[in-house]
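Note sheet for the following structure.
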Amino acid sequence: ASPETSASPDGSQNLVYETELLRTQLNDSLKEVHQKELRIQQLNSKFSQLLEEKNTLSIQLCDTSQSLRENQQHYGDLLNHCAVLEKQVQELQAWRQGFTILARLVLNS
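Heads up: take any position in the sequence shown, counting from 1, add 176, and you land on the numbering used here.
Given below as structure tokens:
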């Protein structure tokens, strides 16, 4: 009989000890794998939240950019309208001044 298969008490105890040691190592490894799986689930959940937040912020940024473009266009339109009104005021003032001069000439003659 070979030493590995001998039925001596020391050999049996050694085999039981090694089996228990391997079982303990296996359980420890399984616990570690389970902890890592839990951590992966947590990280995946956090990643999903961050992705959702990124998408929400991206939509908000697009909306804000569109609003800014519209506001800039509106501001430009208002500036153009103000320029037209200023020109009309200047024309009216020139017309009034000319009318006043004409009225004085008519009244003084």
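For each residue, glycine too, the CB sits at the ideal point set by N, CA and C.
Predicted model only: the values in this text are computed from it and were never measured.
Requested in this report: Kindly list the residues whose CB is nearer than 7 Å to the CB of His250, restricted to its own chain and excluding five residues on each side of it in sequence; keep chain order.
Outcome: Excluding sequence neighbours, His250 sits near nothing in its chain.
Query raised in the report: Looking at the structure shown, is Ser285 part of a helix, part of a strand, or coil, going by DSSP?
Result: Correct three-state label for Ser285: coil.
Requested in this report: Work out the CA separation of Gln269 and His257 for me, nearest whole Å.
Outcome: Those two C-alpha atoms are separated by around 18 Å.
Query raised in the report: From Leu281 to Phe275, what distance separates their C-alpha atoms?
Result: Using only the alpha carbons, I get a separation of about 10 Å.
Query raised in the report: From Lys212 to Leu198, what does the alpha carbon distance come to, in whole angstroms?
Result: Roughly 21 Å between the two C-alpha positions.
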